[in-house]
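Novice:
There are 2 protein chains.
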Amino acid sequence: MITRLSELFLRTLREDPADAEVPSHRLLVRAGYVRRAAPGVYTWLPLGLRTLRKIETIVREEMDAMGAQELLFPALLPREPYEATNRWTEYGDDLFRLKDRKGADMLLGPTHEEMFTTAVKNMFSSYKDFPVTLYQIQTKYRDEARPRAGILRGREFVMKDSYSFDMTDEGLDESYAKHRAAYQRIFDRVGIRYEICKATSGAMGGSASEEFLAYSDNGEDTFVVSTAGGFAANVEAVITPAPDPLPIEGRPEAEVRDTPGAATIEALVEWANEQGVLVDAHAATAADTLKCMVIKVDDPREEDGPRLAAVLIPGDRELDVKRLEASLEPATFELAGEEDFASHDFLVKGYVGPRSFNAHELPVYADPRVVEGTAWIAGADEPERHVVGLIAGRDFTVDRFVEAAEIREGDPAPHGNGTLTRARGIELGHIFQLGRKYTEAMDVQILDEGGKRAVPTMGSYGIGVSRMMAVVAEQRHDDKGLIWPVEIAPYQVHVAVANKDAAALEAGERIVTEFSNAGLEVLFDDRPKVSPGVKFKDAELLGMPFIVILGRSFADGIVELRIRGGETLEVPAGEVVAKVRELVNS
Amino acid sequence: MITRLSELFLRTLREDPADAEVPSHRLLVRAGYVRRAAPGVYTWLPLGLRTLRKIETIVREEMDAMGAQELLFPALLPREPYEATNRWTEYGDDLFRLKDRKGADMLLGPTHEEMFTTAVKNMFSSYKDFPVTLYQIQTKYRDEARPRAGILRGREFVMKDSYSFDMTDEGLDESYAKHRAAYQRIFDRVGIRYEICKATSGAMGGSASEEFLAYSDNGEDTFVVSTAGGFAANVEAVITPAPDPLPIEGRPEAEVRDTPGAATIEALVEWANEQGVLVDAHAATAADTLKCMVIKVDDPREEDGPRLAAVLIPGDRELDVKRLEASLEPATFELAGEEDFASHDFLVKGYVGPRSFNAHELPVYADPRVVEGTAWIAGADEPERHVVGLIAGRDFTVDRFVEAAEIREGDPAPHGNGTLTRARGIELGHIFQLGRKYTEAMDVQILDEGGKRAVPTMGSYGIGVSRMMAVVAEQRHDDKGLIWPVEIAPYQVHVAVANKDAAALEAGERIVTEFSNAGLEVLFDDRPKVSPGVKFKDAELLGMPFIVILGRSFADGIVELRIRGGETLEVPAGEVVAKVRELVNS
Chain L
0 MITRLSELFL RTLREDPADA EVPSHRLLVR AGYVRRAAPG VYTWLPLGLR
50 TLRKIETIVR EEMDAMGAQE LLFPALLPRE PYEATNRWTE YGDDLFRLKD
100 RKGADMLLGP THEEMFTTAV KNMFSSYKDF PVTLYQIQTK YRDEARPRAG
150 ILRGREFVMK DSYSFDMTDE GLDESYAKHR AAYQRIFDRV GIRYEICKAT
200 SGAMGGSASE EFLAYSDNGE DTFVVSTAGG FAANVEAVIT PAPDPLPIEG
250 RPEAEVRDTP GAATIEALVE WANEQGVLVD AHAATAADTL KCMVIKVDDP
300 REEDGPRLAA VLIPGDRELD VKRLEASLEP ATFELAGEED FASHDFLVKG
350 YVGPRSFNAH ELPVYADPRV VEGTAWIAGA DEPERHVVGL IAGRDFTVDR
400 FVEAAEIREG DPAPHGNGTL TRARGIELGH IFQLGRKYTE AMDVQILDEG
450 GKRAVPTMGS YGIGVSRMMA VVAEQRHDDK GLIWPVEIAP YQVHVAVANK
500 DAAALEAGER IVTEFSNAGL EVLFDDRPKV SPGVKFKDAE LLGMPFIVIL
550 GRSFADGIVE LRIRGGETLE VPAGEVVAKV RELVNS
Chain S
0 MITRLSELFL RTLREDPADA EVPSHRLLVR AGYVRRAAPG VYTWLPLGLR
50 TLRKIETIVR EEMDAMGAQE LLFPALLPRE PYEATNRWTE YGDDLFRLKD
100 RKGADMLLGP THEEMFTTAV KNMFSSYKDF PVTLYQIQTK YRDEARPRAG
150 ILRGREFVMK DSYSFDMTDE GLDESYAKHR AAYQRIFDRV GIRYEICKAT
200 SGAMGGSASE EFLAYSDNGE DTFVVSTAGG FAANVEAVIT PAPDPLPIEG
250 RPEAEVRDTP GAATIEALVE WANEQGVLVD AHAATAADTL KCMVIKVDDP
300 REEDGPRLAA VLIPGDRELD VKRLEASLEP ATFELAGEED FASHDFLVKG
350 YVGPRSFNAH ELPVYADPRV VEGTAWIAGA DEPERHVVGL IAGRDFTVDR
400 FVEAAEIREG DPAPHGNGTL TRARGIELGH IFQLGRKYTE AMDVQILDEG
450 GKRAVPTMGS YGIGVSRMMA VVAEQRHDDK GLIWPVEIAP YQVHVAVANK
500 DAAALEAGER IVTEFSNAGL EVLFDDRPKV SPGVKFKDAE LLGMPFIVIL
550 GRSFADGIVE LRIRGGETLE VPAGEVVAKV RELVNS
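Going down the list, the protein sequences come from chains L and S. Residue 578 in numbering that gives the first Met the number 0 is what sits at position 579 of the first sequence, and the numbering runs on without skipping anything. Residue 439 in numbering that gives the first Met the number 0 is what sits at position 440 of the second sequence, and the numbering runs on without skipping anything.
Structural data, given as structure tokens:
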């Protein structure tokens, strides 16, 4: 299969597009793979479409191989099923809503849980029909507040979403494991470097939940891996190991001390060291002080509206807002403001401690390190005073342990092996055990083996198909352009005739025909009036894995074989096809 | 490739869906190919998706083979380009419009002329880049007033649309011819019976225009073909051959006669025959009378608003509203109502003639048969009076000839060979020479060979991809179910084990494995608890071209090979795979 650059609908750009912040966006636009049609909405030009289809094919092959069945729901959907699960409202501004000519409410599908669940409900009725796993590869729509980075986060994008339906929890475990393995094969075949990270299941509910995160400095997600291996997790999902509780009996009493001007952790530690204050018989450090942050929590499950709470973390750590958000979900929170301090006398700014929250029966959330028996220097709820030797479980009580403190490079890995390293990543896929949330909401009743009605349990699995192309471009490029892996390159070989004489062009024709006959896809730069320099630049920008150049040494029967992103070989013209075939297959 | 009915996400229905009026809709829903999600919006279930993809593949192969390049525009589009061509407004209620979270107007693409034209404008600048033909296979949206017949006329549907861009009119002719040939190959491969019909180019403007109409009694289009071949046309596009003009000199003068009660053609002819009135020396028939219909024409190119006009057709024919509409486009019309007769004294109901329109300088449109020198009996513009021997071109003048009269079975074919037969059809595709309408509206300027700016000319070509599946179902079914052609059947072979013993099931497994190894796609009815009767019914409903049944004679090593819609053969089990392969390839 041969495509000629003299005919291809392509125009490469020398300049970066003004709105492009990340390399994948910059290069995919410059190399003529995609083109912006509206904010977050892209046209797939011929080269881009070829790569997108190849990615889709890999996803389809692996989904089929694991026994999933493909179908295709509409993108234009009626409101009713999304009303049944309350998502018509809950989705908020992210949902594209519209009315048809008769005034009926419709939406552009952002995800299709309701449709899959309804299809199973309508078509299956007996345990004998289960398990079943269904998937689609589909154009989806989300009205992102900040569409960015080209096809990395668009408003119209291609996604593979699948759902497993099982009669038992063990069945769900199996379906989940099958998906996990299929996802590994998919991302391995596409050639992406990634980690499978423990994830929070978030607003979707459910239990086991893992994200496939691709390594990328431009990623929006932060994850950690253990230096010893065996552990990777989204930072939001890292559980801090709780130390063993300490005995309370016989410990010295807490003591209120004047700490003039020590409204910060730094000043407090300085004061303690000047005063020779010991905590559990060692000199006080920031890790012995207690940050007591005041937040307002809004829990949709409670009717009273937002209320105050304290969040305790060791003073040597910062609050990680995203981790706390994940911990408190579905409740949301914000930090208390001036008006909250003004309207509550017991809140003494800079000197807030946990005891007043206990006294006012307001919840105290704490980092797992604030375990029973630990001793702290904390605010005394009086201006310019702190309490020294405040013992958790004796002098104050914790209502609930939460993950609120930042995870730091070098923290011990939760599974006990090695320490954590932080990295940034892009979400490629997410698999999780959704459970019976949707099957219950949509009243799916299946007859079990005993003839009783039972509700099947679901797994939910997604892959960002169009995003995957941007991820590969993020991971594989240099300052000259893209570097595609063989499996998803639009063409495996790029042949350029640098030499302008007719004999070289003729030889080029012969070589591309040979490539094509050997079953390879070839992009042939046959443009007669383009300089060799421009041809080389375009070849590097476009990024096919193998570039064959008929240049100066062609007179001696030698062509240049440039392995994009690797070495350059001199190969006799008559052997280049065999050589590339060998490299493609290896 | 083997799919097991025991696992397939499928439920066949014994009852017709309540809203299904045509066979394709009825059968595709009953056989579990598609399922309604909203009015005019369908889910593609596994079997339906397989057939849809096969049709897409055929379309893609033939488009690629003719040198067209595939790309993919978004379905969610910004308003601006559609504003530039005025189609944001002109599209009316058929367009799905929506606003994004920032209040920007967007639409769901019904056709993509603007996007293709803009892409060429942005990427190409020199005559050397031309010709270029681009296409996409895409989900499109039209908010049909009456979505009907399942996927035959949906609101979300799959279409192949392509555009050719040429620098010269001769180039456009070539691009058009290539598309025409590719379309023939596509519809031939899919196995559809169709005619290529001359079509009007309608509101899109342009010159050459043909529709590919599939024969179907449930079609919305009416077309005619010549009994002698060589001519097919949409009725709207049939040009009535104009007779030669007759000499005016020496013809008797027109004579006004009292025709009491003869306000209808029938009564007028009866009167004429009773009175012995001759027209051109023969007894008067309905064909000698002139129907003079009063219409109100609204022409967007004129500012005065609607005005009255006369439409003259021979009295033996009915008005064909669709033909007159096509003739007058872009003007629209309606028949004059009581209030028009009331407000214009010269309009005498039942006795209107062309002379008063001439006198009032109002346009007279006439059927081409009302050629100069023909003699007519027409209304005298006085109550109960007609004119006899009224000569066209002497006693009244025609301002413009129009196609307004119905086309009848047996009318002479316009190309002079044979007579016309009428048939009903479904539009599969439309190809036409669009010209420079969009390239001019969007200011596409290309440097020609002489270095001057020139505007390329466009061809526009569309195929209803999802509709094609319904068309095949319309043409190929019987009262038991669907009958797919091999090229687009979800599976080529359906193997059913009717015999319930383990040996038969095991033999079934062996046979489907053999089929699969031979490169055939097999649907295997391995359901252990389903009766043979139900299995046969399902096999017929689903419609795979070859059905292999392991039934009673299997004990003697014989299987039944039912050719769906054809004969049933008894074949030794060991030979059935070879036999089916032979049939598939033939």
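By construction, the Cβ of each residue, glycine as well, lies at the ideal position given by its N, Cα and C atoms. If you're wondering where the values come from, they're calculated on a predicted model, not measured in any experiment.
1. Answer yes or no: do V33(L) and W43(L) have a C-beta to C-beta separation smaller than 8 Å?
2. Using 8 Å as the threshold, is the C-beta distance between F8(S) and L46(L) below it?
3. Using the rule of at least 16 other Cβ atoms within 10 Å of the residue's Cβ for burial, across every protein chain shown, is D18(S) buried or exposed?
4. Find out if the Cβ-Cβ distance for the pair V386(L), A253(L) is shorter than 8 Å.
5. Could you check whether the Cβ of F72(S) sits closer than 8 Å to any Cβ belonging to chain L?
6. Please classify D478(L) as buried or exposed, where buried requires at least 16 neighbouring CB atoms within 10 angstroms.
7. Any beta-carbon of chain L closer than 8 Å to the one on N584(S)?
8. Within a Cβ cutoff of 8 Å, which residues of the same chain sit near T567(S), ignoring the five residues on either side of it in sequence?
9. Can you give the beta carbon distance from R96(S) to D142(L), rounded, assuming they're within the 8 Å contact cut?
10. To the nearest angstrom, report how far apart L12(L) and M467(S) are at their CA atoms.
11. Rounded to the nearest angstrom, what separates G415(S) and G229(S) at their Cα positions?
12. Between A335(L) and K295(L), how many whole angstroms is the CB-CB distance? I'm expecting something under 8 Å.
13. Can you tell me whether DSSP reads I487(S) as helix, strand or coil?
14. Please classify I238(S) as buried or exposed, where buried requires at least 16 neighbouring CB atoms within 10 angstroms.
15. Alpha carbon to alpha carbon, how far is G463(L) from L107(L)? Give it in angstroms, no decimals.
16. Using a threshold of 8 Å, state whether the C-beta atoms of H178(L) and G458(L) are closer than that.
17. What does L289(S) reach in chain L if we use C-beta pairs closer than 7 Å?
18. With a 10 Å radius around its C-beta and 16 neighbouring C-beta atoms as the bar for buried, classify T373(S) as buried or exposed.
19. Between A472(L), Y437(L) and D394(L), which lies nearest to G455(L) when the distance is taken from Cα to Cα?
20. Kindly provide the ranges of any alpha helix (DSSP H) runs that are 4 or more residues long and lie completely inside the region 220-283 of chain S, ordered along the chain.
21. Measuring only the C-alpha atoms, how far is F115(S) from Y162(S)?
22. At least one CB of chain L closer than 8 Å to the CB of P246(S): is that the case?
23. For G573(S), which three-state DSSP category applies?
24. Which residues does DSSP list as the beta-bridge partners of G190(S)?
25. The beta strand (DSSP E) spanning M122(L) covers which residue range?
26. If you drop the 5 nearest sequence neighbours on each side, which residues of the same chain put their C-beta closer than 6 Å to that of P531(S)?
27. Would you mind reading off the limits of the beta strand (DSSP E) that contains K98(S)?
28. If you count every other CB in all the chains shown that lies within 10 Å of the CB of G91(S), and 16 or more means buried, which is it?
29. Evaluate G304(S) with the Cβ neighbour count: other Cβ atoms within 10 Å of its Cβ, from every protein chain shown; 16 or more gives buried, anything less gives exposed.
30. Taking just the CA atoms, how far does V397(S) sit from E365(S)?
31. Flag this pair as touching only if the region 121-128 of chain L and the region 146-154 of chain L have three or more C-beta atom pairs under 8 Å; answer yes or no.
32. Can you tell me whether M158(S) is helix, strand or coil according to DSSP?
33. Mapping DSSP to helix, strand and coil, what is Q444(S)?
34. Can R580(S) and L522(S) be called in contact, C-beta distance under 8 Å?
35. By the three-class DSSP mapping on this structure, what secondary structure does T512(L) have?
36. With DSSP as the reference, identify every bridge partner of M292(L), one or two as the case may be.
Specialist: With the given structure in hand:
1. In the first sequence, the residue the question calls residue 33(L) occupies position 34. In the first sequence, the residue the question calls residue 43(L) occupies position 44. Cβ atoms of V33(L) and W43(L): closer than 8 Å.
2. The sequence position of residue 8(S) within the second sequence is 9, counting from 1. The sequence position of residue 46(L) within the first sequence is 47, counting from 1. Cβ atoms of F8(S) and L46(L): not closer than 8 Å.
3. The sequence position of residue 18(S) within the second sequence is 19, counting from 1. D18(S) counts as exposed, since fewer than 16 other beta carbons sit within 10 angstroms of its beta carbon.
4. Here residue 386(L) is taken as the residue at index 387 of the first sequence, counted from 1. Here residue 253(L) is taken as the residue at index 254 of the first sequence, counted from 1. Yes. Within cutoff.
5. Taking the second sequence and counting its residues from 1, one reaches residue 72(S) at position 73. So, interface residue.
6. Taking the first sequence and counting its residues from 1, one reaches residue 478(L) at position 479. D478(L) should be labelled exposed.
7. Numbered from its first residue, the second sequence carries residue 584(S) at position 585. No, no contact with chain L.
8. Counting from one through the second sequence, the residue named residue 567(S) turns up at place 568. Within the same chain, T567(S) has close Cβ partners E559, L560 and R561.
9. Residue 96(S) sits at position 97 when you count from the first residue of the second sequence. Residue 142(L) sits at position 143 when you count from the first residue of the first sequence. Contact flag wrong, Cβ pair sits at about 15 Å.
10. Counting from one through the first sequence, the residue named residue 12(L) turns up at place 13. Counting from one through the second sequence, the residue named residue 467(S) turns up at place 468. Between L12(L) and M467(S), the C-alpha separation is close to 40 Å.
11. Taking the first residue of the second sequence as 1, we reach residue 415(S) at position 416. Taking the first residue of the second sequence as 1, we reach residue 229(S) at position 230. When rounded, the separation of the alpha-carbon atoms in G415(S) and G229(S) is 10 Å.
12. Looking up residue 335(L) in the first sequence gives position 336. Looking up residue 295(L) in the first sequence gives position 296. Sure, about 6 Å apart at Cβ, within 8 Å.
13. Position 488 of the second sequence, counted from the first residue, corresponds to residue 487(S). Residue state, collapsed to three classes: coil.
14. Along the second sequence, one-based indexing puts residue 238(S) at 239. When all chains shown are included, I238(S) counts as exposed.
15. Counting from one through the first sequence, the residue named residue 107(L) turns up at place 108. Counting from one through the first sequence, the residue named residue 463(L) turns up at place 464. Distance between the alpha carbons of L107(L) and G463(L) is about 17 Å.
16. Against the first sequence, residue 178(L) aligns to sequence position 179. Against the first sequence, residue 458(L) aligns to sequence position 459. Yes.
17. Along the second sequence, read from residue 1 onward, the residue named residue 289(S) stands at position 290. Under the 7 Å cutoff, chain L gives no residues; its nearest Cβ is about 42 Å from L289(S).
18. Residue mapping note: residue 373(S) aligns to position 374 of the second sequence, counting from 1. When all chains shown are included, T373(S) counts as buried.
19. The sequence position of residue 455(L) within the first sequence is 456, counting from 1. Per the sequence presented here, residue 455(L) reads as Pro, with Gly not at that position. For the residues A472(L), Y437(L) and D394(L), the minimum Cα distance to P455(L) belongs to Y437(L).
20. 264-274
21. As a first step, residue 115(S) is located in the second sequence; it is residue number 116 there, counting from the start. As a first step, residue 162(S) is located in the second sequence; it is residue number 163 there, counting from the start. Computed Cα separation, rounded: 7 Å.
22. Taking the second sequence and counting its residues from 1, the one referred to as residue 246(S) is at position 247. Taking Cβ atoms only, chain L never reaches closer than 8 Å to P246(S), which makes this a no.
23. Along the second sequence, read from residue 1 onward, the residue named residue 573(S) stands at position 574. Of the three classes helix, strand and coil, the one that applies to G573(S) here is helix, per DSSP.
24. Walking along the second sequence from the start, residue 190(S) turns up at place 191. In the DSSP output, where bridge partners are listed per residue, G190(S) has none listed.
25. On the first sequence, position 123 is the one that residue 122(L) refers to. Careful: M122(L) lies outside any beta strand (DSSP E), inside the alpha helix (DSSP H) at E112 to M122.
26. Within the second sequence, numbered from 1, the residue matching residue 531(S) stands at position 532. For P531(S), where only same-chain residues beyond five positions count, the Cβ hits under 6 Å are A497.
27. Looking up residue 98(S) in the second sequence gives position 99. First-last of the beta strand (DSSP E) with K98(S): F95 to K98.
28. Along the second sequence, one-based indexing puts residue 91(S) at 92. Burial call: exposed.
29. Working through the second sequence from its first residue, we reach residue 304(S) at position 305. G304(S) is exposed by the Cβ-count criterion.
30. In the second sequence, residue 365(S) corresponds to position 366, counting from 1. In the second sequence, residue 397(S) corresponds to position 398, counting from 1. Contrary to the premise, residue 365(S) reads as Ala rather than Glu in this sequence. Straight-line Cα distance between these residues: approximately 6 Å.
31. no
32. On the second sequence, position 159 is the one that residue 158(S) refers to. Correct three-state label for M158(S): strand.
33. Within the second sequence, residue 444(S) is the residue found at index 445, counting from 1. Three-state DSSP puts Q444(S) in coil, outside helix and strand.
34. Locating residue 580(S) in the second sequence gives position 581, where the first residue counts as 1. Locating residue 522(S) in the second sequence gives position 523, where the first residue counts as 1. Using a Cβ distance threshold of 8 Å, R580(S) and L522(S) do not count as a contacting pair.
35. Against the first sequence, residue 512(L) aligns to sequence position 513. It is helical.
36. Here the question's residue 292(L) lines up with position 293 in the first sequence. M292(L) pairs with V310(L).
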